[in-house]
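**Q** Submitted below is the structure of interest, expressed as structure tokens.
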Amino acid sequence: MEREASVAAAVARNRKVVLRGYIDRAPREDDMELVDDGDVALRVPGDAGGPAVLVKNLYLSCDPYMRGRMRDFQGSYIPPFKPGSPIEGFGVGRVVDSTHPGFSPGDFVSGMTGWEDYSLITKPEQLRKIQQSDIPLSYHLGLLAFNYKEEPDLAAALKRHFPQGIDIYFENVGGPMLDAVLLNMRIHGRIAVCGMVSQHGVTAPAGIHNLFSLVSKRIEMKGFIQSDYLHLFPQFVDDITKHYRGGKIAYVEDMSIGLESGPAAFVGLFSGKNVGKQVVCVSQD
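According to full-length UniProt numbering, the residues represented by the sequence shown are 1 to 285, in order.
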């Protein structure tokens, strides 16, 4: 009764970004729509079906894999979005109310959430409690990189920056970039393939011309999805924080302000408009 009395009167306006309908081409801003969802009670409803967490979303991640969820295709590792329902993605938020013993109001959490102001998380096991860090999200220490948009020859640019060859390559681009990387890998190099953003929405995917490099350089190339290694995430956070503070890791962020900016920020991923990690700031409260 004490919990019910403390949260029963609290309400807030909720907005959400929904998918208007399935697409079979490159995404456009008008494929998504910002909808006023009216007032929502800032409490976990009694019919939630079990322990749940109500989260106020602060930051949302724009990721290329979300493009695949905009089509009516059931053969993927993750189901498609539902037209008329909030788009889903990885986000960071603050707990407003909870009936789960592992989370309390005020906790900061990360995990899958909706593109909306407030999300009811009915599977709290997907959330991870996080601590505020002394590392600014947008802090940029400096990074050895090159602007591929200004390079007429990607293979030559990689050779210039990696004269001894590439030991490990994280593949999330595909197309000509992967072709250029294959020419510049070291013997026994490794390639981890998580995605190919350049191939989303194209009618004729680009072929790979330098595939024989896998043989001549004895390269190991393996595909994966991030959920394969969720059990290593706590260790990753500890390690990456130490490296960041030590100046070994630089973080570049492209921040879009306001939930209403989400569709444009997401579409920009596929035209190279963003620089660094594309994030939508829903609220800083």
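Built from N, CA and C at the ideal position, the CB exists for glycine as well.
Distance, Cα to Cα, aspartate 47 vs aspartate 63?
**A** One-based indexing of the sequence shown puts residue 47 at position 47. One-based indexing of the sequence shown puts residue 63 at position 63. Straight-line spacing of the CA atoms in aspartate 47 and aspartate 63 works out to 32 Å.
**Q** With the cut-off set at 9 Å, would you say aspartate 30 and arginine 20 are in Cβ contact?
**A** Taking the first residue of the sequence shown as 1, we reach residue 30 at position 30. Taking the first residue of the sequence shown as 1, we reach residue 20 at position 20. With respect to the 9 Å criterion, aspartate 30 and arginine 20 are classified as neighbours on the basis of their beta carbons.
**Q** Identify, in the order they occur along the chain, each residue of the same chain with its Cβ nearer than 7 Å to the Cβ of arginine 28, setting aside the five sequence neighbours on each side.
**A** On the sequence shown, residue 28 is found 28 positions in, with the first residue counted as 1. A distance below 7 Å between beta-carbons, with the five flanking residues on each side excluded, links arginine 28 to the following residues of its chain, in chain order: Val267.
**Q** What span of residues does the beta strand (DSSP E) with tyrosine 59 cover, start to end?
**A** Taking the first residue of the sequence shown as 1, we reach residue 59 at position 59. Element bounds for tyrosine 59: 53-61.
**Q** What span of residues does the alpha helix (DSSP H) with tyrosine 65 cover, start to end?
**A** Residue mapping note: residue 65 aligns to position 65 of the sequence shown, counting from 1. Tyrosine 65 -> no alpha helix (DSSP H), and no H or E assigned at all.
**Q** With respect to the alpha helix (DSSP H) encompassing arginine 159, which residues constitute its N-terminal and C-terminal limits?
**A** The count along the sequence shown starts at 1 and reaches residue 159 at position 159. It is worth fixing the name first, because residue 159 is lysine in this sequence and not arginine. DSSP places lysine 159 inside the alpha helix (DSSP H), whose first and last residues are 154-161.
**Q** Near arginine 186, what residues of its chain come up, given a Cβ to Cβ distance below 8 Å and the 5 sequence neighbours on each side ignored?
**A** Position 186 of the sequence shown holds residue 186. Excluding positions up to five away in sequence, the list reads Gln164, Gly165, Ile166, Asp167 and Lys217.
**Q** Roughly how many angstroms separate the alpha carbons of lysine 82 and proline 176, rounded to a whole number?
**A** The residue labelled residue 82 in the question sits at position 82 within the sequence shown. The residue labelled residue 176 in the question sits at position 176 within the sequence shown. Cα to Cα, lysine 82 sits roughly 33 Å from proline 176.
**Q** Given a cut-off of 9 Å on the beta-carbon distance, is the pair glycine 93 and lysine 56 in contact?
**A** Mapped onto the sequence shown, residue 93 falls at position 93. Mapped onto the sequence shown, residue 56 falls at position 56. Against a cut-off of 9 Å, the Cβ pair of lysine 56 and glycine 93 comes out as a contact.
**Q** Counting C-beta neighbours from all protein chains within 10 Å, is the total for aspartate 238 16 or more, i.e. buried, or is it exposed?
**A** Numbered from its first residue, the sequence shown carries residue 238 at position 238. Aspartate 238 comes out exposed.
**Q** Rank Asp39, Ala180, Met221 and Asn274 by C-alpha distance to the C-alpha of histidine 209 and give the top, closest one.
**A** Taking the first residue of the sequence shown as 1, we reach residue 209 at position 209. If we check each option's Cα against that of histidine 209, Ala180 comes out closest.
**Q** Considering lysine 129, what are the terminal residues of the alpha helix (DSSP H) in which it resides?
**A** As a first step, residue 129 is located in the sequence shown; it is residue number 129 there, counting from the start. Premise fails: lysine 129 lies in the beta strand (DSSP E), 128-130, not in any alpha helix (DSSP H).
**Q** Does the region 222-238 come close enough to the region 189-197 to have 3 or more Cβ pairs within less than 8 Å?
**A** Contact between the region 222-238 and the region 189-197 is present, because at least three Cβ pairs lie under 8 Å.
**Q** Measure from the C-beta of serine 85 to each C-beta in chain C and report whether the shortest distance is under 9 Å.
**A** Given the protein chain composition of this structure (a single chain), no chain C is represented.
**Q** Shorter than 8 Å, the distance from the beta carbon of proline 45 to the closest heavy atom of the ligand NAP, or not?
**A** Inclusion of the ligand NAP in the displayed structure is not the case, the ligand content being empty and no account of it being possible.
**Q** Going by the beta-carbon positions, is the gap between valine 40 and serine 98 smaller than 9 Å?
**A** In the sequence shown, counting from the first residue as 1, residue 40 sits at position 40. In the sequence shown, counting from the first residue as 1, residue 98 sits at position 98. Cβ distance not < 9 Å, so valine 40 and serine 98 don't count as in contact.
**Q** Quick one: what does DSSP say glycine 175 is sitting in, helix, strand or coil?
**A** Here residue 175 corresponds to residue number 175 of the sequence shown, with the count starting at 1. Three-state result, glycine 175: helix.
**Q** Taking the straight line between their C-alpha atoms, what separation do you get for tyrosine 139 and valine 96?
**A** One-based indexing of the sequence shown puts residue 139 at position 139. One-based indexing of the sequence shown puts residue 96 at position 96. For tyrosine 139, the predicted model reports a pLDDT of 29, less than 50, meaning its position is unreliable and no value from the coordinates is stated.
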